[in-house]
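One structure is given here, and the rest of the page talks about it.
Residue numbers (the UniProt record's numbering): 1 to 461.
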């Protein structure tokens, strides 16, 4: 099994030399299997290994036991571990989503916070062949298409699944043969959730009465669908570009007549791609939503606007068909910046890195970062979003200008303004995202040290 995981990583180019790899480590058999495989490979493949564990706090002593086990495991092998405690049940109520979805959001947000602390990297999760089979079967039962049948892939954006083609029985045998301990989540053995019922009841029934290799068959189905989807995606990209008029952060404008000229399958795929481009995925986008949008293309009139699915509206404006992402209000946030340490801003999904450099190390003409005179900074550095009454002296000016007026001048949509980052010291706003720096902090011939600021954005699973 070690060789299979290694082969996956090398052949599919999941990890490159020098990568920071963060493993989601629950303490269960799957994640422990992946942990031991990655720790053995990290020297020969020259990558850095970190681990992340979330204690969801709804299993009492069992959850604490899992956390203690993971801490001990990482300490034994010298792997840096990040731990977070957050009640998933309470968080689900707060977000008004299921516990499963709340847990997923918690995990991936925490993973990316951890990665920002180590300078970025990739997330490794321990999904296996059985997980893939269960996912495919679950989606068939709910109703799905080619995209849903693809289920999970070995790599997507910054997420890798190095053991997706490894069977659970092989994982357990590997752990037994090597005397590796792991934790058991008792809830996984109880048929109390839909996914558990598929694993514990439906799949054994199908194996006994229809196909003893049903899990391998479902896995192969996902592989076939993924290959076919790649061909379809290439065609959809062509049709999407034909119809595209404008693509913004929260809005995509399509040519209405182009959509009308397409057949329903083409138009539906273009709309689905529009949502995916705005959202990052198509979770909870069902066929009924696409059918609704296609009907709207045929019958809608200018000025008409409707809710499509959770978080999205569609509207017709003269010759345009517009897909809008509904942006929730971002709460006020403010964080103290530590120099030389990447900081993940969970409210915006952005990462800020502030470094002090000699003037010889920085080309102030390049536009990928912000450069300020470090010696002019007063007190602590903070990153935050806007407040009522905020002002800045724009570079090249000698007078204060309201941030509110700057947003109006730049035509920044109201729903995007709370997501714009502000870097400040104890006295002034030094920089406003997508604008200029403060005039009093510009680099000059007398500058000795430069504060170099870079902004990055994390992707979501």
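Idealized CB from N, CA, C, for every residue including glycine.
I need the DSSP call for residue 394, collapsed to helix, strand or coil.
strand
Would you kindly work out how many angstroms separate the C-alpha atoms of residue 405 and residue 423, rounded to a whole number?
18 Å
Is the shortest distance between the beta-carbon of residue 145 and the beta-carbons of chain D less than 7 Å?
Going by chain labels, chain D is absent from the structure shown, which holds only one protein chain.
Going by beta carbon distance, what residues of the same chain come within less than 7 Å of residue 312, once the five residues before and after it are set aside?
275, 323, 324, 325, 326
Return the CA-CA distance between residue 414 and residue 296, expressed in angstroms with no decimal places.
27 Å
DSSP three-state label for residue 438, please.
strand
Using the three-state DSSP reduction, which class does residue 3 fall into: helix, strand or coil?
helix
Residue 293 vs residue 314 beta-carbon contact at 7 Å:
yes
What's the call for residue 350, buried or exposed, on a 16-neighbour Cβ count within 10 Å?
buried
In this structure, does DSSP put residue 349 in helix, strand or coil?
coil
Nonlocal neighbours in the same chain, by C-beta distance under 6 Å from residue 345, ignoring five residues either side
Excluding positions up to five away in sequence, the list is empty.
Can we say the region 70-81 touches the region 11-21, given the rule of at least three CB pairs closer than 8 Å?
At 8 Å Cβ cutoff, the stretches do not touch.
Return the bridge partner residues of residue 321 from the DSSP annotation.
In the DSSP assignment, the residues bridged to residue 321 are 254, 316.
What are the residues that DSSP puts in a beta bridge with residue 133?
Its beta-bridge partners do not exist; DSSP assigns none.
Given this structure, state the Cα-to-Cα distance separating residue 136 from residue 152, to the nearest angstrom.
9 Å
Alpha helix (DSSP H) containing residue 116: first to last residue?
99-117
Using a 10 Å radius around the Cβ and a threshold of 16 neighbouring Cβ atoms, would you call residue 283 buried or exposed?
exposed
When you compare only the Cα positions, how much space is there between residue 67 and residue 139?
32 Å
Which residues DSSP lists as bridging residue 247, in chain order
Per DSSP, the beta bridge partners of residue 247 are 252.
Helix, strand or coil: which one does DSSP assign to residue 387?
coil
In three-state terms, what does DSSP make of residue 335?
The three-state secondary structure of residue 335, taken from DSSP, is strand.
Going by beta carbon distance, what residues of the same chain come within less than 8 Å of residue 319, once the five residues before and after it are set aside?
255, 256, 257
Does the contact criterion of 3 or more C-beta pairs under 8 Å hold for the region 100-112 versus the region 177-184?
no
Could you tell me the distance, in whole angstroms, from the CA atom of residue 417 to the CA atom of residue 65?
Going from the Cα of residue 417 to the Cα of residue 65 covers about 44 Å.
Status (buried if at least 16 other CB within 10 Å, exposed otherwise) for residue 191
exposed
Excluding the 5 residues preceding and the 5 following residue 80 in the sequence, name in chain order all residues of the same chain whose CB lies nearer than 6 Å to its CB.
Cβ neighbours of residue 80 beyond the five flanking positions: 50.
Would you grab the beta carbon distance between residue 426 and residue 376 for me? Rounded to a whole angstrom, and I think it's under 8 Å.
Residue 376 and residue 426 do not touch by the CB rule: their CB atoms are close to 12 Å apart, not below 8 Å.
Locate the alpha helix (DSSP H) running through residue 36, then write down its first and last residues.
29-41
Assumed close pair residue 437, residue 370 - CB separation to whole angstroms, cut-off 8 Å:
6 Å
If you scan the region 202-237 from start to end, which runs of the alpha helix (DSSP H) of 4 or more residues do you find wholly inside it?
203-209
Rounded to a whole number of angstroms, what is the C-alpha to C-alpha distance between residue 24 and residue 115?
Their backbone Cα atoms lie some 12 Å apart in a straight line.
If you check the beta carbons only, do residue 270 and residue 239 fall under 7 Å apart?
Taking C-beta atoms as the reference points, residue 270 and residue 239 count as a pair closer than 7 Å.
I need the boundaries of the alpha helix (DSSP H) containing residue 154, first residue and last residue.
No alpha helix (DSSP H) holds residue 154; DSSP gives it neither H nor E.
Beta-carbon proximity list for residue 321, same chain, < 6 Å, skipping 5 on both sides:
254, 256, 259
8 Å Cβ shell around residue 317 - same chain, five flanking residues per side excluded:
A distance below 8 Å between beta-carbons, with the five flanking residues on each side excluded, links residue 317 to the following residues of its chain, in chain order: 302, 303.
Whole-number beta carbon distance between residue 124 and residue 206, since they are thought to touch under 8 Å:
That belief does not hold up - the Cβ atoms of residue 206 and residue 124 are roughly 30 Å apart, past 8 Å.
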